[in-house]
Amino acid sequence: MVKVNRPHIGIFGKMNAGKSSLVNALTGQEVAVVSAQPGTTTDPVKKTLEIMGIGPVVLIDTAGFDDTSSMGMLRIKRTNDTMDQIDLAILVFAGDFDAYDHSLMESCMARKIPFFVIQNKTDVSTQQVEIRGADIVRFSCKMPNVQLVLDKIKEHLPKSSYSASALLDDYVRAGDEVALVIPIDASAPEGRLILPQVQTLRNLLDLGAVAVCVKDTELREYIQTHTPKLVITDSQVFEYVSAVVPAEIKLTSFSILFSRLKGDFDAYLKGTRAISRLQDGDKVLIMESCSHSVNKCDDIGRTKLPHWLCKFTGKKLSFDIVSNLDTLPEHVEQYKLAIQCGGCMVTRTQILRRLEKLREKKVPVSNYGLAIAYCNGIFDRATELFRR
Numbered sequence: 100m101v102k103v104n105r106p107h108i109g110i111f112g113k114m115n116a117g118k119s120s121l122v123n124a125l126t127g128q129e130v131a132v133v134s135a136q137p138g139t140t141t142d143p144v145k146k147t148l149e150i151m152g153i154g155p156v157v158l159i160d161t162a163g164f165d166d167t168s169s170m171g172m173l174r175i176k177r178t179n180d181t182m183d184q185i186d187l188a189i190l191v192f193a194g195d196f197d198a199y200d201h202s203l204m205e206s207c208m209a210r211k212i213p214f215f216v217i218q219n220k221t222d223v224s225t226q227q228v229e230i231r232g233a234d235i236v237r238f239s240c241k242m243p244n245v246q247l248v249l250d251k252i253k254e255h256l257p258k259s260s261y262s263a264s265a266l267l268d269d270y271v272r273a274g275d276e277v278a279l280v281i282p283i284d285a286s287a288p289e290g291r292l293i294l295p296q297v298q299t300l301r302n303l304l305d306l307g308a309v310a311v312c313v314k315d316t317e318l319r320e321y322i323q324t325h326t327p328k329l330v331i332t333d334s335q336v337f338e339y340v341s342a343v344v345p346a347e348i349k350l351t352s353f354s355i356l357f358s359r360l361k362g363d364f365d366a367y368l369k370g371t372r373a374i375s376r377l378q379d380g381d382k383v384l385i386m387e388s389c390s391h392s393v394n395k396c397d398d399i400g401r402t403k404l405p406h407w408l409c410k411f412t413g414k415k416l417s418f419d420i421v422s423n424l425d426t427l428p429e430h431v432e433q434y435k436l437a438i439q440c441g442g443c444m445v446t447r448t449q450i451l452r453r454l455e456k457l458r459e460k461k462v463p464v465s466n467y468g469l470a471i472a473y474c475n476g477i478f479d480r481a482t483e484l485f486r487r
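As structure tokens, this is what we get:
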């Protein structure tokens, strides 16, 4: 199986509680600036840490929740937004566990985020604070027992956030031939494959399958002499590939594979059918999950997908774009459909939290690959493999 997630661990607390010192102690590096001056940390700072038995995790050092400076509200907003991106919270305090600290704990509980608490600076204070409903580690960054914290991370971090996830383990066996259709066009990155293609290829190799990579322009010649068990294509050439590949050969896309790993596949299946209900003037939200250079002619989310949706529905639709893991627009209930990218660069937790906000407002959700398959009339064929 192939790992597709790096768990994100947020470190929260008041200014000068020792959050940045904790990051430095855990990583063994001077990653974060440490100062007695309140408000040293402004934007969230990320650092990758390898933990035995888990693998790489991303530590996020955040600004103090009690920042009252002129920039404080913006810093607190970014700290609050970080909570939507994490699999585990570490709440750090020194001295008294006050109202700010309790509000952090309540935020974690309300969002169902696992957490534990670190009572920091125990080298200068012998007071032992007890907090109802919280698991506490007593710690000093000046005399750090890092293993205590790592053990708590292992105890509280959900296994689902770092365990290997299956892309094709249930559908492909050793010796099966699988064709990967990879267009090399203006939108393809220079000199490399995109992450979903790489991870799918690795999964097939791990399974002992025979993986054949072809460009869309070479597919017709290949299919004349080969009968692969499965064809996996880039979604943007679905129409061409579905016409070339015989109906008896299973067909899906990289984006649909990742919609099962990184999103809510059942919600996507149901939500995609809302495309047929779109009317003139309806608003559609396109949700990217990474930053990338935008090619206005070939960008799949900003240009091609809106074109296909308008062509399929015959309606005049309007589109809004959300990039990275930016906050969703206010009043998301205005959208008749939201379409999420494959999410190869983010974690499943981050996408599910985004989708939950839409589900609360009863906005149908889909995925790039599923929406493109639907617009090309091959939705049932492209999802047949996973609808058992």
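Letter by letter, the sequence shown follows residues 100 to 487 in the numbering used here. No residue lacks a Cβ here, since even glycine has one placed at the ideal position from N, Cα and C.
For I438, the secondary structure class from DSSP, reduced to helix, strand or coil, is strand. Per DSSP, P405 lies in no beta strand (DSSP E); the unbroken alpha helix (DSSP H) holding it starts and ends at L404 to T412. Note: C312 is bridge-paired with L279 in the DSSP secondary-structure output. I150 is not a Cβ neighbour of I110, given a cutoff of 8 Å. When DSSP states are grouped into helix, strand and coil, D419 belongs to the strand group. As far as DSSP is concerned, G380 takes part in no beta bridge. If you draw a 10 Å sphere on the C-beta of C440, you find 16 or more other C-beta atoms in it, and that means buried. Annotation: the continuous alpha helix (DSSP H) that includes P295 extends over L294 to D305.
Between the alpha carbons of K146 and I385 lies a gap of roughly 29 Å.
With a cutoff of 8 Å on beta-carbon distance, K349 and E205 are scored as not near each other. The beta carbon of S358 lies closer than 7 Å to those of F364, Y367, G441, N466, G468 and L469 in the same chain, with the five residues before and after it left out.
If you check the CB distance, Q335 and P282 come in under 8 Å.
Between D381 and L424, the CB-CB gap reaches or exceeds 8 Å. By the CB criterion at 8 Å, G194 and S239 fall outside the cutoff.
Pairing I331 with V280, the inter-Cα distance amounts to about 6 Å. Just so you know, the alpha carbons of G400 and E387 end up roughly 7 Å apart. In chain order, L306, G307 and A308 place their CB closer than 8 Å to the CB of A273, counting only its own chain and leaving out the 5 sequence neighbours on each side. A distance below 8 Å between beta-carbons, with the five flanking residues on each side excluded, links L451 to the following residues of its chain, in chain order: G362 and D363.
V228 sits in coil when the DSSP states are folded into three classes, being neither helix nor strand. Per the DSSP secondary-structure output, I348 pairs with nothing in a beta bridge.
Around the CB of P405, 16 or more other CB atoms lie within 10 Å, so the residue is classed as buried.
Between the segment 287-301 and the segment 246-255 there are fewer than three C-beta pairs closer than 8 Å, too few to call the two in contact.
Taking D180 as the centre and dropping the five residues before and after it, the same chain places the C-beta of T426 closer than 7 Å to its C-beta, in chain order. In the DSSP assignment, H201 is bridged to no other residue. With a cutoff of 8 Å on beta-carbon distance, K403 and E432 are scored as not near each other. Judged by beta-carbon spacing, I217 lies beyond the 8 Å limit of I185, meaning their Cβ atoms are not closer than that value. It is roughly 37 Å from the alpha-carbon of V340 to the alpha-carbon of G154. Between V157 and I108 a beta carbon distance of about 7 Å is seen, short of the 8 Å cut, so the two are scored as contacting. Contact between L318 and V271 is ruled out by a C-beta separation of about 19 Å, above the 8 Å threshold. In this structure L377 is buried. Its beta-carbon is surrounded by 16 or more other beta-carbon atoms within 10 angstroms. The C-beta distance from P463 to G370 rounds to 4 Å, short enough to meet the 8 Å contact threshold. Put simply, the backbone Cα of G232 is about 28 Å away from that of N123.
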